[in-house]
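Chemist:
Residue numbers (the numbering used here): 18 to 341.
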């Protein structure tokens, strides 16, 4: 048992060889922005099997990357290295991890793993796109979320919520009968969870067609209460976004300083696009993230609609004033 990833990396092969490695690293509850806590723990899942195999381990199990103590094991991306043996890897729920840790403190423990992991051939899939064409048809503001999710749960917060918010932005403007200056495009990207192929292909096609995306907004942090927007761009682009602070503050969209954007829209940055991420309160996200708990009933309708309305307001400002 190791309490964190660095302990494993610094371990001696003689202490690990022929054993199952248990990585029991807790997410740091002191981090107010819970995504920082998640990032701090990600290496145990992403790199744990590689580092354990280097030391001769026969398998690795990890504590799920979640803040609550419950019975929901979390899934997510991990890596193998062709230079070392590909050993079995699995995640325990946080409650089960606590139990295993207590048993190990009393002595040795025998664990039997039975996994049914398979890699299927690649299959063709598609991004889903809808748009309202503006007068400046080749200047595009795009927004949305990603269609795919992990096999656990329903992917309601990750990222059904983002998809629905993107659709809702277009629905609001259709309902209003508003004619935008620029083309507004809702996109549901495919394959965010396993390689970003949808986002990469979208950017490739946009470049091939000579499309000019002035801004891209992604909602991929759950359908929770929105508190602002993160952004990645030039100093002038981000300053323009911050200049709208007083217009957004009455709706409690107060946080515009945080850097960021979204995984699917990231490939558009090479074309000079301002990347924007809807920024919800993050306290509940890792209750549901990549688990059986991420279901439709876990999404609050009002908070989901507030996020969509915030995106729609920002799209209006971007459309009317543009961005350099």
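Positions of the beta carbon are idealized from the N, C-alpha and C atoms, including for glycine.
Buried or exposed for residue 129, going by 16 or more other Cβ atoms inside 10 Å?
Modeler: exposed
Chemist: The beta strand (DSSP E) spanning residue 155 covers which residue range?
Modeler: 153 to 163
Chemist: If distances are taken between C-alpha atoms only, which option among 214, 64, 295 and 250 comes closest to residue 269?
Modeler: 295
Chemist: May I ask which residues mark the beginning and end of the beta strand (DSSP E) holding residue 200?
Modeler: Where residue 200 is concerned, the enclosing beta strand (DSSP E) stretches over 199 to 206.
Chemist: Is DSSP giving residue 68 helix, strand or coil here?
Modeler: helix
Chemist: If I follow the unbroken alpha helix (DSSP H) through residue 334, where does it start and stop?
Modeler: 318 to 338
Chemist: Please confirm if residue 247 has its CB atom under 9 Å from at least one CB of chain B.
Modeler: Checking the listed chains, one finds no chain B in this structure; it contains a single protein chain.
Chemist: Do residue 331 and residue 261 come within 9 Å of each other at the CB atom, strictly closer than that value?
Modeler: yes
Chemist: If distances are taken between C-alpha atoms only, which option among 96, 112, 140 and 119 comes closest to residue 62?
Modeler: 96
Chemist: Thinking C-beta only, is residue 108 closer than 9 Å to residue 92?
Modeler: In this structure, residue 108 lies closer than 9 Å to residue 92 by Cβ.
Chemist: Whole angstroms are fine: how far does the CA of residue 290 sit from the CA of residue 232?
Modeler: 5 Å
Chemist: Residue 222: buried (16+ other C-beta within 10 angstroms of its C-beta) or exposed?
Modeler: exposed
Chemist: Suppose you measure from the CA of residue 153 to the CA of residue 199; what does that come to, to the nearest Å?
Modeler: 5 Å
Chemist: Since residue 74 and residue 36 are thought to touch, with beta carbons under 8 Å apart, how far apart are those beta carbons, to the nearest angstrom?
Modeler: 6 Å
Chemist: By DSSP's criteria, residue 245 is part of a beta bridge. Which residues make up the other side?
Modeler: 272 and 296
Chemist: Going by C-alpha distance, which of 312, 123, 285 and 297 is nearest residue 3?
Modeler: Past the boundaries of the shown model lies residue 3; the chain is included only from 18 to 341, so the question cannot be answered.
Chemist: State the start and end residues of the unbroken alpha helix (DSSP H) segment that holds residue 19.
Modeler: Per DSSP, residue 19 belongs to no alpha helix (DSSP H) and is neither H nor E.
Chemist: Answer with buried or exposed for residue 238, where buried requires no fewer than 16 other C-beta atoms within 10 angstroms of its C-beta.
Modeler: buried
Chemist: Touch check for the segment 21 to 28 and the segment 204 to 213: three-plus C-beta pairs under 8 Å?
Modeler: no
Chemist: Find out if the Cβ-Cβ distance for the pair residue 54, residue 84 is shorter than 9 Å.
Modeler: yes
Chemist: Are the CB atoms of residue 51 and residue 300 nearer to each other than 9 Å?
Modeler: Closer than 9 Å, so yes.
Chemist: Return the chain-ordered list of same chain residues with a C-beta closer than 7 Å to the C-beta of residue 242, the five sequence neighbours on each side being excluded.
Modeler: 297, 298, 320 and 323
Chemist: Please confirm whether residue 245 and residue 317 have their CB atoms less than 9 Å apart.
Modeler: no
Chemist: What residue range does the alpha helix (DSSP H) around residue 259 cover?
Modeler: 252 to 259
Chemist: Quick one: is residue 251 buried, meaning 16 or more other Cβ sit within 10 Å of its Cβ, or exposed?
Modeler: exposed
Chemist: Assign residue 49 to buried or exposed, taking buried as 16 or more other Cβ atoms, counted over all protein chains shown, within 10 Å of its Cβ.
Modeler: exposed
Chemist: Quick one, which of 72, 57, 59 and 47 has its alpha-carbon nearest residue 34's?
Modeler: 72
Chemist: Apply the 10 Å Cβ neighbour rule to residue 22 and answer buried if 16 or more other Cβ atoms are within range, or exposed otherwise.
Modeler: buried
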